[in-house]
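Numbers 0 to 101, taken from numbering that gives the first Met the number 0, label the letters of the sequence shown in order. Inspection log for the structure reproduced underneath, given as structure tokens.
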Amino acid sequence: MSVLSVTQDNFNLVKDSDKLVLLDFYADWCGPCRMVSPVVDEIAQENPQYLVGKINIDHDPELAAAFGVSSIPTLVVMKDGKVVNQSVGARPKPHILSMLKG
């Protein structure tokens, strides 16, 4: 499955998803975000059981504020519309996968 570009307009689809959700809060100018981005893309391709989305904090600052994002990259795992795990900073693929497995 491909990565969904999440915005304020389609966030309810993400929040109401039956799947476990991984959200990557990023900005185009952020070096560590650019390191994490291909890893998140890879996880999305290899794991269709998850809904994987990216939120550009410059385009959707309201969503970043709603999740209390103060540093990027921030990775958030949601289940049934609630945050169940969160991590700040560039993380390797095994760490991100372990976040999803709980």
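C-beta atoms are modelled at their ideal positions from N, C-alpha and C, and glycine is treated no differently. Computed from a prediction, not measured in an experiment: that's the story for all the values here.
- Straight through space, the alpha carbons of Val-76 and Cys-29 are spaced by roughly 21 Å.
- By the neighbour-count criterion, in which 16 or more other beta carbons inside 10 Å mark a residue as buried, Asn-9 falls on the exposed side.
- Bounds of any beta strand (DSSP E) do not take in Ile-42; it lies within the alpha helix (DSSP H) bounded by 30-45.
- Assigned with DSSP and collapsed to three states, Ile-95 falls in helix.
- Here the alpha carbons of Tyr-25 and Asp-79 stand approximately 23 Å from one another.
- In the same chain as Ser-70, and ignoring 5 residues on each side of it, the C-beta atoms closer than 6 Å to its own belong to Val-87, in chain order.
- For Lys-53, the enclosing beta strand (DSSP E) starts and ends at 49-55.
- Around the C-beta of Leu-99, 16 or more other C-beta atoms lie within 10 Å, and the residue is accordingly described as buried.
- In this structure, the straight-line span from the alpha carbon of Lys-14 to that of Glu-41 is close to 22 Å.
- Distance check between Asp-57 and each of Ile-95, Asp-27, Val-51 places Asp-27 closest, using alpha-carbon atoms only.
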